[in-house]
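Residue numbers for the sequence shown follow the working numbering, beginning at 484 and rising by one. Encoded as structure tokens, the structure appears first; notes follow it.
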Amino acid sequence: MSTTSSILQPQESIEREQQRRLPFLFPAESDSWLAALRIGLGLVVLLYVATLCGDWLYLFNGTGKGLASRQLFEALLSTQSPLAPRLGWLVVLSRWFGLQESTALYAAWGLLLSAGICLIFGCFSRAAAIVAWFLHLAAANSGGPLTYGFDNFTTIGLFYLMIAPLPDRWSLDRWWHSGTRADAHILGFHRRLLQVHLCLVYFFSGLTKSFGGGWWNGGNVWYALTLPSYAIWPISWVAKLAPVLPAIGIFVLASELSYPFLIWSKRSRYFVLAAICILHGAIGLMMGMRLFALVMLVLNLAAFGIPTRLRLTARKV
Numbered sequence: 484m485s486t487t488s489s490i491l492q493p494q495e496s497i498e499r500e501q502q503r504r505l506p507f508l509f510p511a512e513s514d515s516w517l518a519a520l521r522i523g524l525g526l527v528v529l530l531y532v533a534t535l536c537g538d539w540l541y542l543f544n545g546t547g548k549g550l551a552s553r554q555l556f557e558a559l560l561s562t563q564s565p566l567a568p569r570l571g572w573l574v575v576l577s578r579w580f581g582l583q584e585s586t587a588l589y590a591a592w593g594l595l596l597s598a599g600i601c602l603i604f605g606c607f608s609r610a611a612a613i614v615a616w617f618l619h620l621a622a623a624n625s626g627g628p629l630t631y632g633f634d635n636f637t638t639i640g641l642f643y644l645m646i647a648p649l650p651d652r653w654s655l656d657r658w659w660h661s662g663t664r665a666d667a668h669i670l671g672f673h674r675r676l677l678q679v680h681l682c683l684v685y686f687f688s689g690l691t692k693s694f695g696g697g698w699w700n701g702g703n704v705w706y707a708l709t710l711p712s713y714a715i716w717p718i719s720w721v722a723k724l725a726p727v728l729p730a731i732g733i734f735v736l737a738s739e740l741s742y743p744f745l746i747w748s749k750r751s752r753y754f755v756l757a758a759i760c761i762l763h764g765a766i767g768l769m770m771g772m773r774l775f776a777l778v779m780l781v782l783n784l785a786a787f788g789i790p791t792r793l794r795l796t797a798r799k800v
């Protein structure tokens, strides 16, 4: 009898542990966060293609026709990841139909623009998310060194949107298909994936920054504000901030390193979220990286910024 009890106890403890973890992985959530993610990313994609309206061909034309060699970047990419999407695939496909390279590139721009508009209104949300993810990733891969953090996080956000349980209640798709409703726990699981991903990103970003002295003494903040590619403010204005640059650097480190630990508690969540939003807002204003700031604000607000009163459960996290 004692032997049987000793065998059952570990099994019971395992079941209790699984029940304890289940609410964290599958919290019951409304789809309001998903609507915020869809609309926000749709706006990001729309602004992205709008800013490149006059330079799309200049950036992505083939050798000798654009700012850089798209074909060279794609050739280098193929040596590392031959299956990574690129705009060259669309160019090759268009040649089968007798179309020119410029036609294929303009078609990609138009499809990306249409996908952004569809995401904003929630029209054909799933297809629009897939098209936006594929074309934006293709443009980022074909751009080579012309891409930066904005492209990476936009691709990440569109990937989560692409696999999310669409449509949400605020979309036209839901109005057309009124019977389509996602399970609240599945919505919570997808949101939890995005939350954990952001926590890992910020923690390792802050950890990497903390190894050097540039962020502790404000040197890296000075370089970021005075580099020619980011310097939109007169250097004399930046020089006046020299006494507080170390404090700004430490604020960046503290915001990123504390994010994965303090964001989960209701008592500290909105303080951490406000600090991160201030950080990205300052990056957009002081360095001109407005699209990067916008996509980070969208991801953070969708992951943690939706008021808890919109949730379907009052369980504290």
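For each residue, glycine too, the CB sits at the ideal point set by N, CA and C.
With fewer than 16 other beta carbons inside 10 angstroms of its own, Val575 counts as exposed. By alpha-carbon distance to Phe509, the top candidate from Gly605, Trp720, Ala667 is Ala667.
The Cβ-Cβ distance between Ala786 and Arg674 falls below 9 Å. Under the criterion of beta carbons closer than 8 Å, Tyr643 and Leu676 qualify as touching, at roughly 7 Å. Closest option to Leu529, judged by alpha-carbon separation, among Ala615, Leu708, Thr691: Ala615. Nearest to Trp592 by alpha-carbon distance, out of Val684, Ala730, Phe507, Asn544, is Asn544. In this structure, Leu618 lies near Leu595, with their beta-carbon atoms less than 9 Å apart. In the three-state reduction of the DSSP assignment, Pro743 falls in the helix class.
Around the C-beta of Trp705, 16 or more other C-beta atoms lie within 10 Å, and the residue is accordingly described as buried.
Contact check for Ile759 against Tyr713 fails: the beta carbons are separated by 9 Å or more. DSSP places Ala776 inside the alpha helix (DSSP H), whose first and last residues are 773-783.
Distance between Ser688 and Cys682, taken at the CA atoms: about 10 Å. Ser719 sits in a helix when the DSSP states are folded into three classes. In the structure shown, the three-state DSSP call for Ala714 is coil.
When the five nearest sequence neighbours on each side are left out, the beta carbons in the same chain lying within less than 7 Å of the beta carbon of Gly671 are those of Phe509, Pro510, Ala511, Glu512, in order along the chain. Taking the C-beta atoms as reference points, Gly640 is found no nearer than 9 Å to Leu526. Secondary structure note for Asp634: its alpha helix (DSSP H) is the uninterrupted segment 632-646. Sorting Trp716, Phe507, Trp653, Arg578 by C-alpha distance to the C-alpha of Trp516 places Trp653 at the top. Here Leu566 is not near Leu588, since their CB atoms are 9 Å or more apart.
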